[in-house]
Amino acid sequence: MELNIALLKGDGIGPEIVDSAVEVLYKIGEKFGHKFNFTPYLIGGCAIDATGEPLPKETVVGCLASDSVLLGAVGGPKWDTLPGNMRPEKALLGIRAAMELYTNLRPAKLYPALKGDSPLRPDIVDNGFDIMIVRELTGGIYFGDRGYREGKYGEEAYDTECYSRMEIERIARAAFEAAQKRNKNVISIDKANVLESSRLWRKTVHEIAAEYPDVTCTDMLVDNAAMQLVKNPSQFDVIVTSNMFGDILSDEASQITGSIGMLASASLGATKRGLYEPIHGSAPDIAGKNLANPIATVLSAAMMLKYSFGLMDEAQCIEDAVDAVLEDGIRTADIAHGVDAIGTKEITAEILKRI
């Protein structure tokens, strides 16, 4: 298989961690007989410096012409004084919109080798956990009608939660299809005891569930879900939920893993083309110092193989290599905690040895 991948290295540690992922993909290509063609494009602060805008047209065209996109990170204090429409982060919204991405996949996995890093009690995380949060990305209260008006007590502000059946159907299908690649269990998170939008959400999710008889589907109210994530996270396989609830729960889930340096993500739309990126920021304070943890980006590349290209064995090979590195006690500084740390290049080399 020959695949064309757009690289958006971005700012800060972005170039270093994307380079690590590229090395891993080259090794996977050699092992499994694939050819990966990589084309870099500018995004974020480096794009502003070179072109005067955070998301050049060339970048958008290149991403739309690719089979998928791998992103590092954008932003940094150098560009913090720019107006909002010119900030590096604006490029993220722009590229997601241009690629018509409405599904966000956020895995939250606690590796047994790192269970001591979790803030949860040892008995809760003894066997680790592996959760996939499927968040609707382009609808809900973040995109609904909003404004100011005169209300009962004077000036008031309002934001509107609104979901169409179509938006719920497509995110539900994404969740069930993700579950089919995992442990075949979906928990749909809503607030159906209060919100009309959640009642339509729940009804529609169960209608779609009938199309996937091999997947178990249950419901959970969002307030209970927030408690259950810290009480018994191992009960979750795939979570599907709305934009705002997903925003909150995915951040909670990332924190109970102990390190955001380990967490990948994917944004997907109607096609197989996706945008894959680590959930952490650009960390400009350690950029260029060979200190960054590249594992989240490497695992983002594994997600790309799995969800965009259907290369399940290849993705598993990367995940197994990362597991082996961690089990062997090899760490970057962010996850070292009492053991000697190695650098970005060195841990990448250790992953490559195990592929």
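The opening position of the sequence shown corresponds to residue 19 in the working numbering, with each subsequent residue numbered one higher.
Glycine included, every Cβ here is placed at the ideal spot set by N, Cα and C.
Predicted, not measured: the structure shown is a model, and the values here were computed from it.
{"query": "DSSP state of residue 376, grouped into three classes?", "result": "This structure cannot settle anything about residue 376, because the visible part of the chain is limited to 19 through 373."}
{"query": "Go ahead and label residue 196 buried or exposed: buried means 16 or more other beta carbons lie within 10 angstroms of its beta carbon, across all protein chains shown.", "result": "buried"}
{"query": "At 4 residues or longer, and completely inside the region 278–354: list those alpha helix (DSSP H) runs for me, N to C.", "result": "313–325 and 330–345"}
{"query": "Do residue 24 and residue 59 count as a contact pair if the criterion is CB distance below 8 angstroms?", "result": "yes"}
{"query": "Roughly how far, in whole angstroms, is the beta-carbon of residue 93 from the beta-carbon of residue 70, given that I think they are within contact range, below 8 angstroms?", "result": "Contact flag wrong, Cβ pair sits at about 17 angstroms."}
{"query": "Note down the Cα distance separating residue 371 from residue 147, rounded to an integer number of angstroms.", "result": "26 angstroms"}
{"query": "Give the C-beta separation of residue 314 and residue 297 to the nearest angstrom, bearing in mind that I take them to be a contact with Cβ-Cβ under 8 angstroms.", "result": "7 angstroms"}
{"query": "With a Cβ-Cβ cutoff of 8 angstroms, do residue 157 and residue 261 count as a contact?", "result": "yes"}
{"query": "Helix, strand or coil for residue 257 per DSSP?", "result": "strand"}
{"query": "May I have the straight-line CA-CA distance separating residue 120 from residue 181, to the nearest angstrom?", "result": "13 angstroms"}
{"query": "Counting C-beta neighbours from all protein chains within 10 Å, is the total for residue 356 16 or more, i.e. buried, or is it exposed?", "result": "exposed"}
{"query": "Go to residue 204, then tell me how far its beta strand (DSSP E) extends in each direction, as first and last residue.", "result": "203–208"}
{"query": "With a threshold of 6 angstroms on Cβ separation, who are the neighbours of residue 178 within its own chain once the five nearest residues in sequence on each side are excluded?", "result": "162 and 163"}
{"query": "Any idea what DSSP makes of residue 132, helix, strand or coil?", "result": "helix"}
{"query": "Specify the secondary structure class of residue 101 as computed by DSSP and reduced to three states.", "result": "coil"}
{"query": "What are the boundary residues of the alpha helix (DSSP H) that residue 108 is part of?", "result": "108–116"}
{"query": "Determine, using beta-carbon pairs with one atom in the region 231–244 and one in the region 80–90, whether at least three such pairs fall under 8 angstroms.", "result": "no"}
{"query": "Between residue 190 and residue 223, how many whole angstroms is the CB-CB distance? I'm expecting something under 8 angstroms.", "result": "5 angstroms"}
{"query": "Can you tell me which of the three DSSP states residue 164 falls into?", "result": "strand"}
{"query": "Mind checking whether residue 332 and residue 46 have CB atoms under 8 angstroms apart?", "result": "yes"}
{"query": "Going by C-alpha to C-alpha distance, which of 172, 206 and 165 sits closest to residue 153?", "result": "206"}
{"query": "Can you round the beta-carbon distance between residue 124 and residue 216 to whole angstroms, since I take them to be within the 8 angstroms contact cut?", "result": "Rounded, the Cβ-Cβ distance is 20 angstroms, inconsistent with contact."}
{"query": "Cβ of residue 245 within 7 angstroms of any heavy atom in the ligand SAM?", "result": "As far as ligands go, the structure on display features none, and thus does not contain the ligand SAM."}
{"query": "Counting along the chain, where does the alpha helix (DSSP H) carrying residue 184 start and finish?", "result": "183–198"}
{"query": "Within the continuous alpha helix (DSSP H) that includes residue 48, where are the two ends?", "result": "32–50"}
{"query": "Looking only at its chain, what residues have a beta carbon closer than 7 angstroms to the beta carbon of residue 118, apart from the 5 residues adjacent to it on each side?", "result": "287 and 288"}
{"query": "So, residue 366 versus residue 312, is the Cβ gap smaller than 8 angstroms?", "result": "yes"}
{"query": "Rounded to whole angstroms, what is the Cα-Cα separation between residue 133 and residue 140?", "result": "7 angstroms"}
{"query": "Thinking C-alpha only, which one of 316, 253, 254 and 198 is nearest residue 230?", "result": "198"}
{"query": "Below 8 angstroms on the Cβ atoms is my guess for residue 362 versus residue 309; work out the distance and round it to an integer in Å.", "result": "7 angstroms"}
{"query": "Quick one: what's got a C-beta closer than 8 angstroms to residue 277's C-beta in the same chain, skipping five residues either side?", "result": "132, 135, 311, 352 and 353"}
{"query": "Give the straight-line distance between the Cα atoms of residue 221 and residue 214, rounded to the nearest whole angstrom.", "result": "11 angstroms"}
{"query": "Let's see if you can read the secondary structure: which residues bound the beta strand (DSSP E) around residue 86?", "result": "86–91"}
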